[in-house]
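Read the structure below first, then the notes.
In our numbering, the protein residues as written are 357 to 516.
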């Protein structure tokens, strides 16, 4: 079965977003707000994943680019670009982060029985970073494991 998702009639409410040609699903319980693009302050030696920091209501929030993790080409900011401000549990602490999206599409409810595990071979995505895949009318939707993605990058940053 998929990581920490047990079918048996359960549902998951997600925000569907687009990065390049791929559709991703982020649990609504993690989403604090969705913003139009705002100025980003670059952080020296932040790497490709860490785009910089943004000011959200007077607080400094790190901004990350999931395109790097999922090998999706970078695109310029346009009228559809959005920033999702998320709260994610990492090591018994809630952290606030932002991620960019080329487009936020809709809020949908998914039957957990439809979520399939990542195949063991044949994908370019790191298995630890994908909770599951959802087959839909527009193709495959990726359910990223934000906890693992951000925990790994925080651990890497702390070891420098």
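All C-beta atoms in this analysis are idealised placements derived from N, C-alpha and C, irrespective of residue type, glycine included.
Quantities reported herein were computed from a predicted structural model and do not represent experimental measurements.
For residue i, the first and last residue of its enclosing beta strand (DSSP E)
| i | result |
| --- | --- |
| residue 453 | 449-457 |
| residue 398 | Premise fails: residue 398 is in no beta strand (DSSP E) and is neither H nor E. |
Limits of the alpha helix (DSSP H) - the one that residue i falls within
| i | result |
| --- | --- |
| residue 474 | Taken as a continuous stretch (DSSP letters only), residue 474 belongs to no alpha helix (DSSP H), as it is neither H nor E. |
| residue 424 | 422-425 |
Top-ranked residue by Cα proximity to residue i, from the options
| i | options | result |
| --- | --- | --- |
| residue 460 | 385, 437, 449 and 510 | 437 |
| residue 474 | 396, 445, 484 and 468 | 484 |
| residue 404 | 413, 476, 387 and 422 | 422 |
| residue 439 | 368, 449 and 390 | 390 |
| residue 442 | 419, 435 and 464 | 419 |
| residue 494 | 369, 417 and 378 | 378 |
| residue 371 | 465, 393 and 426 | 465 |
| residue 482 | 504, 458 and 467 | 504 |
Proximity below 8 Å, CB of residue i to CB of residue j
| i | j | result |
| --- | --- | --- |
| residue 499 | residue 471 | yes |
| residue 380 | residue 444 | no |
| residue 416 | residue 406 | no |
| residue 376 | residue 428 | yes |
| residue 373 | residue 382 | yes |
| residue 408 | residue 402 | yes |
| residue 510 | residue 454 | no |
| residue 388 | residue 452 | yes |
| residue 486 | residue 384 | no |
| residue 490 | residue 497 | yes |
| residue 433 | residue 393 | yes |
Bridge-paired residues (DSSP) for residue i
| i | result |
| --- | --- |
| residue 411 | 416 |
| residue 488 | 499 |
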